[in-house]
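Keeping their order, the protein sequence lines are chains B and X. Under my numbering, the first residue of the first sequence carries the number 6, and numbering increases by one thereafter. Under my numbering, the first residue of the second sequence carries the number 301, and numbering increases by one thereafter. We put the beta carbon where it would ideally sit given N, CA and C, even for glycine. What follows is a set of notes on a single structure, which appears directly below.
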Amino acid sequence: MTITATGLCAIRSGRTILHPTNVDIRPGERVGLVGASGSGKSTLGHALIDRLRAQGQRVAHVPQSPDEALDPLRSMAFHWREAEHALNLSPDPTRRQDLFAALHIEGSDLNKRPWGWSRGMQQRFVIAMALIGTPDLLVMDEPTSALDSVVAAGTMDLLDAYLSDRKTALLLITHDLGLAARRVNRLMVMEDGRIVEDAPTEQFLLAPVTQAAKSLCAHRNWLELPC
Amino acid sequence: MIQLIASLLLRAAVVLTGAALATFALLWHAPGDPALAIAIARYQAVVPAEVVDQVRTEAGLDAHFWTAFQAWVGPLLVGDFGQSSVTGRNVWPELVTMISYTLPLALAGLIIGLLTSVPLAYVATRRPGGWLDRCAVALASIGAAIPAYWLGLLLILLFAVQLGWLPAMGTRTPAHIILPALTLGLGVAASLTRILRSGILEARGQPFLPAFRRRGVANRDIERDHVAPHAAIPVVTVFGLELAFLLEGVVMVEVIFARPGLGSFLVSAIEARDFPKVQAVVVLTAVLFVTVNLLIDLIYRALDPRIGERDA
Chain B
6 MTITATGLCA IRSGRTILHP TNVDIRPGER VGLVGASGSG KSTLGHALID RLRAQGQRVA
66 HVPQSPDEAL DPLRSMAFHW REAEHALNLS PDPTRRQDLF AALHIEGSDL NKRPWGWSRG
126 MQQRFVIAMA LIGTPDLLVM DEPTSALDSV VAAGTMDLLD AYLSDRKTAL LLITHDLGLA
186 ARRVNRLMVM EDGRIVEDAP TEQFLLAPVT QAAKSLCAHR NWLELPC
Chain X
301 MIQLIASLLL RAAVVLTGAA LATFALLWHA PGDPALAIAI ARYQAVVPAE VVDQVRTEAG
361 LDAHFWTAFQ AWVGPLLVGD FGQSSVTGRN VWPELVTMIS YTLPLALAGL IIGLLTSVPL
421 AYVATRRPGG WLDRCAVALA SIGAAIPAYW LGLLLILLFA VQLGWLPAMG TRTPAHIILP
481 ALTLGLGVAA SLTRILRSGI LEARGQPFLP AFRRRGVANR DIERDHVAPH AAIPVVTVFG
541 LELAFLLEGV VMVEVIFARP GLGSFLVSAI EARDFPKVQA VVVLTAVLFV TVNLLIDLIY
601 RALDPRIGER DA
């Protein structure tokens with residue numbers, strides 16, 4: 006089932022941050038949402054999640070940093086149980102083991118609180134938690150900007166491998182065109198609260214149309230980057 | 301863990317020693333003639349100079365400071381609080397009787413404080429800046445500004461004198477505890493409400509909460525499992541201070557409502573310069589304080605283990 010949301014918009018204290026926007030994503034599709042800081046990428050991501058949730062679709066979210074996803078006073082085990090409970094799923098050790106194995110965090114101490122884990126591990130835990138309910142869409146908001154580039158690339162590789170044979174679509178929000186170009190097959194560019202360009206990745210990179218897309222391509226020697 | 305408890309206990313011992321020494325020194329060097337005050341309290345009359353001198357010798361007031369301090373602390377270390385300078389009776393049994401009056405009052409005050417402040421803070425923070433919130437903040441500020449003795453008198457005037465609903469003086473019936481407990485409890489409620497309110501607001505602003513909502517966790521569960529523990533931390537922190545407020549309040553309230561208890565015991569002992577009694581109350585209070593703060597330290601670490609990690 007194609008994921009469709011129409012007329013997404015956001016107005017904060019009288020200023021339009023997101024103009025009415027439609028988003029369509031096919032099952033299993035990988036979409037990158039790029040643009041400069043303040044162009045409305047995260048706002049669109051949040052609006053999309055809230056809308057899809059309201060439409061009864063399964064959508065999961067991975068915020069920028071694990072600090073925005075985990076309560077420092079609660080154990081990892083608590084977070085996991087809570088996430089299962091939120092999806093009305095009964096606790097399933099096998100599912101947990103599979104996800105932990107897929108993201109290479111098996112064998113870690115779940116009784117520790119988040120700060121007892123490294124940040125890379127925390128972020129992979131958050132991604133694993135997002136995948137509990139096999140969502141239709143996984144929205145990742147700058148998922149690797151809190152990690153160093155080697156850990157970030159490793160994490161994205163693990164996620165790619167896990168998603169490769171599944172129908173979960175991916176929306177990757179980032180200002181890093183290098184990261185997006187390697188991971189997605191379609192790119193959307195945002196500028197001033199609007200999607201100004203939407204094209205398959207290769208076409209986008211070879212022939213950017215709008216000024217925003219051109220400057221993004223010009224500012225990034227994307228092929229040199231590890232992720 | 302053992303190292304932690306040992307260091308906390310060591311800290312407690314230092315505080316207790318300091319409190320004992322400071323109290324003793326303050327009383328010892330207080331102006332006026334303690335022997336005269338004791339003699340007057342003992343015989344309820346003006347007494348000749350030779351009787352005062354006799355009392356001075358009996359009470360050990362003519363000794364050197366350090367000798368007297370040792371004579372007091374020595375037995376105290378094995379749990380002997382000594383004898384009253386006025387009556388000559390042992391201090392400890394009397395102290396126990398007084399605690400049996402004061403403890404229920406303090407607990408009742410604390411419970412009233414908690415039962416008022418928790419719902420009030422919760423209702424106030426439903427809509428921060430709304431009229432309910434403003435009312436709660438105004439009430440809490442007024443409550444914190446009103447001293448216990450004035451509030452006590454107002455309550456007596458209203459409920460005992462004007463309306464005649466509740467008894468004011470003494471301890472004859474269980475109903476006698478209501479007004480003094482209310483006086484104490486409202487003061488506690490005022491300060492707790494403010495701390496809880498700001499604690500809840502701060503906890504609701506934690507950066508990770510939106511992610512929990514997007515994960516589909518119910519609002520009720522977020523409040524219980526994530527907001528409440530974060531809001532509890534400042535409350536636990538100030539609980540030690542709250543206890544000081546409570547003890548200070550108890551002394552006033554007991555005197556106002558003519559109730560027996562540690563407060564009136566302390567006031568009459570100070571008037572009579574009955575050193576062993578005064579010192580007994582102060583040491584007891586210090587022990588209580590140190591114990592509560594020790595417990596708070598441990599609870600704090602259980603709530604937020606990062607605190608222990610930072611110390612290490």
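In or out: ASP604(X) buried (at least 16 other Cβ within 10 Å) or exposed?
buried
Contact set between TRP85(B) and chain X, taken where Cβ atoms lie within less than 8 Å:
Simply none; closest approach about 11 Å.
According to DSSP, simplified to helix, strand and coil, what is PRO148(B)?
coil
Could you tell me the distance, in whole angstroms, from the CA atom of ILE16(B) to the CA atom of ASP55(B)?
15 Å
Are there three or more Cβ pairs, one per stretch, closer than 8 Å when the stretch 379-394 of chain X is compared with the stretch 461-474 of chain X?
no
Between ASP380(X) and the rest of its own chain, which residues show a CB-CB distance below 8 Å, the 5 nearest in sequence each way excluded?
TRP392
Residues of chain X with CB closer than 7 Å to the CB of TRP120(B), please, in chain order.
ARG606
Exposure of THR402(X), with buried meaning 16 or more beta-carbon neighbours within 10 Å
buried
Quick one: grab the DSSP three-state call for ASP203(B).
strand
Count the other C-beta atoms from every protein chain shown that fall within 10 angstroms of the C-beta of ASP574(X), then say buried if there are 16 or more, exposed otherwise.
buried
Per DSSP, cross-strand counterpart(s) of LEU176(B)
VAL36(B), VAL144(B)
Should PRO32(B) be flagged as near chain X, meaning a C-beta pair shorter than 8 Å?
no
Hey, could you find the ends of the beta strand (DSSP E) PRO25(B) is sitting in?
20-30
Using a Cβ distance threshold of 8 Å, determine whether the stretch 47-63 of chain B contacts the stretch 129-148 of chain B, with at least three qualifying pairs required.
yes
Looking at the strands, I want to know which residues DSSP matches up with GLU73(B).
The partner list for GLU73(B) (beta bridge, DSSP) is empty, contrary to what the question assumes.
Would you report the Cα separation of PRO231(B) and ALA421(X), rounded to the nearest angstrom?
Unreliable positioning characterises PRO231(B) in this predicted model, as indicated by a pLDDT of 49, which lies under 50. The coordinate reading is nonetheless provided below. For PRO231(B) and ALA421(X), the distance between alpha carbons rounds to 51 Å.
Below 8 Å, how does it come out for the stretch 591-600 of chain X and the stretch 427-434 of chain X: are there three or more Cβ pairs, yes or no?
no
Output, in sequence order along the chain, the residues in the stretch 166-194 of chain B whose CB is closer than 8 Å to any CB in chain X.
none
Please name the residue or residues paired with HIS66(B) in a DSSP beta bridge.
VAL144(B)
Mind listing the chain X neighbours of PRO68(B)? Cutoff is C-beta to C-beta under 7 Å, in chain order.
ALA511
Thinking C-alpha only, which one of PRO576(X), ALA572(X), ALA460(X), ARG606(X) is nearest PHE324(X)?
PRO576(X)
Do LEU57(B) and ILE8(B) have their beta-carbon atoms positioned less than 8 Å apart in this structure?
yes
Inter-residue CB distance, LEU115(B) and PRO529(X) (contact presumed, cutoff 8 Å):
Not quite, the Cβ-Cβ distance comes to about 18 Å (not below 8 Å), so this is no contact.
Any beta-carbon of chain X closer than 8 Å to the one on ILE243(B)?
Chain B is shown only over 6 to 232; residue 243(B) falls outside these bounds and no answer can be derived.
May I ask which residues mark the beginning and end of the alpha helix (DSSP H) holding VAL423(X)?
391-424
Around the C-beta of ALA612(X), are 16 or more other C-beta atoms found within 10 angstroms, so that it is buried, or is it exposed?
Bear in mind that a pLDDT of 39 at ALA612(X), under 50, signals an unreliable position, so the number given afterwards is only what the model happens to contain. Its Cβ having fewer than 16 others within 10 Å, ALA612(X) is exposed.
Could you check whether ALA503(X) and VAL536(X) sit closer than 8 Å to each other, using their CB atoms as the reference points?
no
Three or more beta-carbon pairs under 8 Å between the stretch 549-562 of chain X and the stretch 504-518 of chain X, yes or no?
no
Reduced DSSP secondary structure (H/G/I, E/B, other) of GLN60(B)
coil
Counting only beta-carbon separations shorter than 8 Å, does LEU23(B) have a partner in chain X?
no
Would you tell me roughly how many angstroms separate the C-alpha atoms of VAL578(X) and ALA349(X), rounded to the nearest one?
25 Å
GLY12(B) - containing alpha helix (DSSP H), residue span:
Where GLY12(B) is concerned, there is no enclosing alpha helix (DSSP H), although the beta strand (DSSP E) it sits in stretches over 8-17.
If you reduce the DSSP assignment to three classes, tell me which class ASP611(X) lands in.
In this predicted model, ASP611(X) has a pLDDT of only 46, less than 50, meaning its place in the structure is not dependable enough to derive any value.
Where does GLN216(B) land, buried or exposed, given buried means 16+ other C-beta within 10 angstroms?
exposed
Spatial neighbours of GLY485(X) within its chain, please: CB distance less than 6 Å, with the 5 preceding and 5 following residues excluded, ordered by chain position.
GLY409, ILE412, GLY413
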